[in-house]
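Some notes on the structure that comes next.
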Amino acid sequence: MCNINNYIKIKYQKRRSFMVIGGIKAILFIVAVILVVGIIGAYSYHFIRRIVNLILKNKSSRYKKILSIILAVALVISLIALFGVWSVAVLYVLLFSIFVDIVYFIVCKVSGKKNKTCEVIYRSGIIPILIGVIMTSYGYYNMHRVVETDYTIYTDKNIRSEGYKIAFISDLHYGVNMDGKQLEKYCEDIEAQNPDIVILGGDIVDENTSRKGMYEAFDELSKIKSTYGTFYVYGNHDKATYARKPNFTEEELDNAIKDSGIKILADDSVTINDQITVTGRKDKSFRGDNLREPIDELIVNTQADSNKYNILVDHQPGDFDETDNAGYDVMLSGHTHAGQIWPGGLFIKTFIKDTLCYGHEKFNNLDIITSSGMAGWGIPVRTEENCEYIILDIKPE
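Our numbering numbers the first residue of the sequence shown as 6 and each following residue consecutively.
Encoded structure:
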């Protein structure tokens, strides 16, 4: 009885601590949003006021000031209300306007030289507007173009002479950049590579995917023929964690995956030919009773050993030191979208430690591969890297 009470007490304390941490994070997020909106609003006023002063030279200063404030407020509201391609375009215009401001200050203010034509071009805002439109248009086109990315890894472990070919798909976020027919086409392209194993690395669906779309996505993906089957690892969006009213339940999602013949790996593994293990981790965003196992316990419980080639699939790239020490040979991840919208990738590389934003790197004995994903989250714009699926060849040395 005492043990049961202690268990309940510990469980209650953990849940309470998660609630406190969650509350603090929510407050910090709200404060951050207010600050960002305030900064965007202030600079929008500066940018618009410059254009208004150029166009309405004969109007009073008071009139131009009031008009600029109204337009700046309307612009900020539209960023939130029309969240999507429009938001990206406006933010790019404002971002490149800052660069133009810096160049203008250096050339005209510091040097003391002024050119009437340059002054008009600067005040009109035409340069950042053009760059913003071009960048956003390219990003929209790039989001709707999926490429194949190939990697080859050699191992000294005892695997068959022809090696193994793995198709890795992550971050489809179904509904952002393709419909059922387009997904069917890409699945046919993947199948044409004759993969031995298909791995779905999480965030195949998200909060914006309809219930019908969720079933459609897994139905199409399950049609990819492979030698040893298709395996699925959850991401942080699949279960519509961030939606107040999800379009589908966790049970419906689980059933859709399993009924399509796809095996879910959640701190679980599968062994192939007694040569390769594929282990899928629960996502690190999971909380409460769904916490994932420590990596050193996971490799023991899943019966991976040093004689086999051990593949770890973890939606969010990280914990490289622990993964390497545990004895895994390669880690497959997604999640980052390679930044998706510039300068997102630069931000990740600069400020987020113990992660790989994109590509293939070697960490001691561990090969790390992070995919940019087959789509992106929320906004159908990508100005960082390409949308992709990965074909990984593991070959004996």
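We treat Cβ as the ideally placed atom computed from N, Cα and C, and that holds for glycine.
Query - Top-ranked residue by Cα proximity to D176, from C392, I396, E402 and I399 - result: C392
Query raised in the report: Cα separation between D279 and G344?
Result: 37 angstroms
Report task. Measure the CB-CB distance between S265 and S227 and report whether it falls below 8 angstroms. Result -> yes
**Report entry** Nearest-angstrom Cα separation, counted from I126 out to A240
**Finding:** Note that residue 240 corresponds to Gly in the displayed sequence, not to Ala. Looking at the two C-alpha atoms, the distance is approximately 47 angstroms.
Requested in this report: Work out the CA separation of I300 and A47 for me, nearest whole Å.
Outcome: 47 angstroms
Query - Opening and closing residue of the alpha helix (DSSP H) in which Y97 lies - result: V90 to Y109
Query raised in the report: What's the C-alpha gap between K354 and R150?
Result: 24 angstroms
**Report entry** Where G43 sits in the DSSP three-state scheme
**Finding:** helix
**Report entry** Beta carbon of S338 nearer than 8 angstroms to that of T282
**Finding:** no
Report task. Leaving out five residues on either side along the sequence, give the residues of the same chain with a beta carbon under 6 angstroms from the beta carbon of I395. Result -> T154, F173 and S376
**Report entry** Residues near N369 in its chain [Cβ-Cβ closer than 6 angstroms; skip 5 each side]
**Finding:** D329
Query raised in the report: Cα-Cα, which of Y50, Y145 and S129 is closest to E390?
Result: Y145
Requested in this report: Less than 8 angstroms between the CB atoms is what I'm expecting for H320 and G207, so what's the real figure, rounded?
Outcome: 4 angstroms
Query raised in the report: Under a three-way DSSP split, which group does G364 fall into?
Result: strand
Query raised in the report: For the candidate residues N63, H51 and K62, whose alpha-carbon lies nearest to that of L76?
Result: H51
Query - Straight-line Cα distance separating S311 from V386 - result: 42 angstroms
Query raised in the report: Alpha carbon to alpha carbon, what distance is there between I39 and I32?
Result: 11 angstroms
Requested in this report: Can you give me the Cβ contacts of Q198 inside the same chain, cut-off strictly under 7 angstroms, excluding the 5 residues immediately before and after it?
Outcome: K170, A172 and I396
Requested in this report: Taking T141 as part of the alpha helix (DSSP H), name the residues at either end of that continuous run.
Outcome: I131 to M148
Requested in this report: Can you have a look at E225 and say buried or exposed, based on whether 16 or more other CB atoms are within 10 angstroms of its CB?
Outcome: buried
Query raised in the report: Helix, strand or coil: how does DSSP classify G28 here?
Result: helix
Report task. Note down, in chain order, each residue of its chain lying with its Cβ closer than 7 angstroms to the Cβ of D288, except the 5 sequence neighbours on either side. Result -> G207, Y239, G240, N241, H320 and Q321
Requested in this report: Would you list the residues sitting across from D273 in a DSSP beta bridge?
Outcome: G285
**Report entry** Residues near K244 in its chain [Cβ-Cβ closer than 7 angstroms; skip 5 each side]
**Finding:** E255 and L258
**Report entry** Spatial distance of D372 from K263 (CA atoms)
**Finding:** 30 angstroms
**Report entry** Nearest-angstrom Cα separation, counted from N315 out to G332
**Finding:** 8 angstroms
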